[in-house]
Each structure stands twice: as C-alpha cells, then as structure tokens.
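All remarks here apply to the structure that follows.
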Amino acid sequence: MKRKYISFLITTILLLSCERMLEVNFSDEKPLIVMNGVVEPDKPISVAVSKSFLFTDTDSTAPYLKDVSVELHVNDTFVEKLQRFTIDTAKYRARRGNSYFRSESHVKVGDRVKIKASAPGLETAWVETVIPTPAAIEKVDTATFFVPATGNNTFGFYWNPYGEYSWNSDSGWGYGGYYIPVPEIFYEPFYRRMRLHIGVRKQKNDVAHYFLLRIIAENTEYKDYPFNLPVETQDDPIFARDPKNLFLEKLFNNNYSTNSSSVFTDNLFTENAYTLNVSTGELYTVKVEHTKPEKEGEKPEYLSHEVKNPPIEVWIYTLSHDYYSYLKSVEKW
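Just so we're aligned: 239 in this note's numbering is position 199 of the sequence shown, and the numbers increase by one with no gaps anywhere.
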C-alpha cells in the first residue's frame with residue numbers, strides 16, 4: 041500500500057511540473073497568399089486563391105482575398121491575367137471565401153508554366169512547373185468477384201403506395217410503405233467488387249515519374265460531376281509507400297471518397313511498363329421488378345431483379361515532382 045502511495049505522489053509531481061503558461065504574440069503576423077490547382081495539358085487552368093489566417097480567427101470568411109491579381113506565364117513569357125469566375129460562399133462550410141480563377145489559354149506537354157498571385161500589402165506567391173508527358177494506358181482487364189457477406193441475411197426493399205420505394209436491410213431506412221423481402225442475391229452490390237488490371241507505360245527516359253490513378257463512374261443526374269469510385273490498392277506493392285490525399289479529390293469535384301485516388305511512382309516498372317492490380321466497389325446497381333397492387337392495402341410481390349454494370353473510366357495523371365513532394369508532405373500532417 042505504501043509503495044502505491046509513493047508512486048502516485050511522484051506521478052502527480054511530474055505532471056504538475058510540466059504545466060506552463062505560454063504567451064504568444066501574433067500582432068506582427070501577416071497573412072500569406074495560398075494557391076491550389078491542377079494544370080493539365082490542352083485544358084484551361086483553374087486555380088483556387090485564398091489567404092492564410094490565424095487559428096484564433098473565428099471569421100468564417102477569413103480565407104477570402106478581395107483584391108488579388110493572378111498572372112499566367114508560359115515559357116518565361118507573360119500570357120494573360122486569369123479571370124475570377126466564382127467565389128466559394130457555401131454557408132455549410134466552416135471556412136469559405138476561396139476565389140477561383142480560370143485561364144482562356146491552354147498549355148501543352150513540355151511547357152514551363154508559372155502562375156503568380158499578388159495582392160496589396162501581401163508578398164507575391166508564385167508556382168512554376170513543367171507539364172510532364174502523360175502515361176499511356178495500354179489495357180484495362182476487369183473481372184467481378186465477391187467478398188463475404190456479414191450481418192443479417194434477410195434483405196428487401198420498402199415500397200410506397202405512391203410509387204416511391206427504397207431498398208435496404210431489415211434494420212433499415214426507407215420512406216414508409218411496405219417492406220418486401222427478396223432473395224438474398226438482391227443484396228449483391230454490397231458484396232460484389234470489380235478487379236482491374238491496368239497496363240501503364242511511361243516515356244522512355246531516366247527521369248523519375250509520378251502518377252495518380254482515378255476511377256470514375258457516370259453520374260446520370262449530374263453529368264458534369266462524375267462519381268469517384270473508391271480504389272482499393274492493398275493488393276499492389278507499388279502503392280505501399282505513396283500518399284493518399286483527399287484534398288486532390290476536392291479539386292476535381294465534391295463527390296470524393298476515402299482512397300478514391302491513389303498516387304504511385306515508377307519504382308517497380310520493368311522496361312518502362314507496369315500492370316496495376318486494384319479493385320473497386322460501389323459500382324453495381326440493381327433494378328427490381330415487382331407486382332403492382334390493384335387494391336388498397338395489397339402488398340407488391342417481388343418478381344425479379346437485374347444487376348447492372350455501368351461503364352467506368354480509368355484515368356492516369358502524370359504528376360510533377362514538386363506536386364508529388366507536396367502530397368507526401370501533406371500526408372504527414
């Protein structure tokens with residue numbers, strides 16, 4: 041008992057001795073201009089511009105930078121001033137105010153691109169990079185496989201007499217109406233996956249290459265905003281030491297998922313080529329056929345279903361060394 045008491049006393053003294061009040065003066069801190077964007081060949085350049093702010097600043101529009109000028113230089117020649125086309129004013133965001141600028145000019149592979157942003161009273165920010173040669177996708181082989189089901193094996197869908205229904209497990213959710221049990225196979229989309237073997241070939245030279253893999257599916261409701269499918273990379277060693285960065289997905293669109301993009305290098309390429317081994321899910325959809333009740337209170341009955349396999353697109357982006365280094369540094373935080 042005595043030994044326990046002494047141990048507690050020593051621990052308390054050590055904890056108390058670690059406490060110290062710090063006074064920090066931020067009065068001399070000036071905000072910095074922040075730029076984020078993706079430069080692609082043969083497309084307009086879009087850049088998000090904002091300013092840094094202290095964590096003590098509770099203003100929701102703290103990132104907003106009013107008087108800012110963004111210039112595009114290509115191969116050491118001034119080309120144009122980018123035009124502001126929108127400002128992020130979404131009220132659901134804790135921080136908003138990013139300004140988005142777009143160019144009229146397009147750049148091409150091999151161009152040295154420099155973007156400069158300036159604002160009164162702030163230090164000019166700039167970024168420079170050379171547009172790399174894109175990788176070639178030589179083949180995409182696909183196969184369907186299943187993962188083990190878990191949980192309750194009773195599944196179905198809710199049917200609403202007014203024509204709206206949603207399907208789920210019996211633990212579920214819905215818009216009311218009747219719960220209609222259907223065969224277990226109806227729940228396939230949750231267990232069905234697609235395996236992809238993607239053949240990639242890089243340019244023949246001694247320069248290290250950095251790539252980003254992205255798999256997307258069509259959004260039938262909003263065609264300009266495709267769905268980013270989750271990319272499972274644990275079966276391929278080429279992804280083992282490379283970053284997964286959600287911020288990049290926000291630059292493409294708002295429909296992003298964890299690990300929906302994956303970065304890799306050419307460190308395992310043989311004769312300038314490599315076959316990626318990845319898988320994806322959340323792709324398959326189900327169309328259900330059922331009877332239509334003719335009397336009030338009569339429930340519909342399941343007839344059949346069809347598992348649909350919508351088309352997908354596979355994208356390989358070639359990254360600059362600077363951007364790859366940026367992704368690696370962001371991952372540490």
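The beta-carbon is built from N, C-alpha and C at its ideal position, and this holds for glycine as well. It should be emphasised that the depicted structure is a prediction, and the values quoted were computed from it without experimental measurement.
For residue i, the nearest candidate out of the options (CA to CA)
i	options	result
Gly137	Thr101, His330, Tyr342 and Lys154	Thr101
Ile73	Ser109, Ile238, Tyr363 and Thr169	Ser109
Ala249	Glu329, Pro172, Trp166 and Glu353	Sequence inspection shows His at residue 249; the Ala mentioned does not correspond to that position. Minimum Cα distance to His249 is reached at Pro172.
Val170	Leu343, Ile356, Glu111 and Val79	Val79
Tyr104	Ala313, Ser139, His345 and Arg152	Ser139
Val153	His330, Glu120, Thr184 and Arg124	Glu120
Ile155	Thr273, Val114 and Asn307	Val114
Asp275	Thr315, Thr358, Gln243 and Leu122	Thr315
Lys148	Asp82, Leu343, Phe304 and Phe186	Asp82
Met75	Ala176, Arg233 and Ala88	Ala88
Phe185	Tyr231, Leu112, Lys179 and Asn349	Tyr231
Pairwise C-alpha distance: residue j and residue i
i	j	result
Ser92	Pro351	41 Å
Lys335	Leu323	37 Å
His361	Asp246	14 Å
Glu353	Ile85	22 Å
Asn259	Glu163	41 Å
Ala257	Gly239	20 Å
Tyr357	Leu62	46 Å
Ser145	Ile127	21 Å
Tyr342	Leu252	43 Å
Val328	Val187	22 Å
Arg233	Asn65	54 Å
Ile278	Leu308	6 Å
Thr273	Thr320	9 Å
Paired residues, beta bridge with residue i - DSSP
i	result
His345	Val328
Lys70	Looking at the DSSP assignment, Lys70 forms no beta bridge with any residue, so it has no partner.
Pro84	His146
Ser109	Ser158
Thr101	According to DSSP, which records beta bridges pairwise, Thr101 is partnered with nothing at all.
Leu252	Val303 and Tyr357
Val153	Val114 and Thr169
Residue i, buried or exposed, once every other Cβ within 10 Å from all chains shown has been counted against 16
i	result
Tyr364	buried
Val303	buried
Asp306	buried
Ser90	buried
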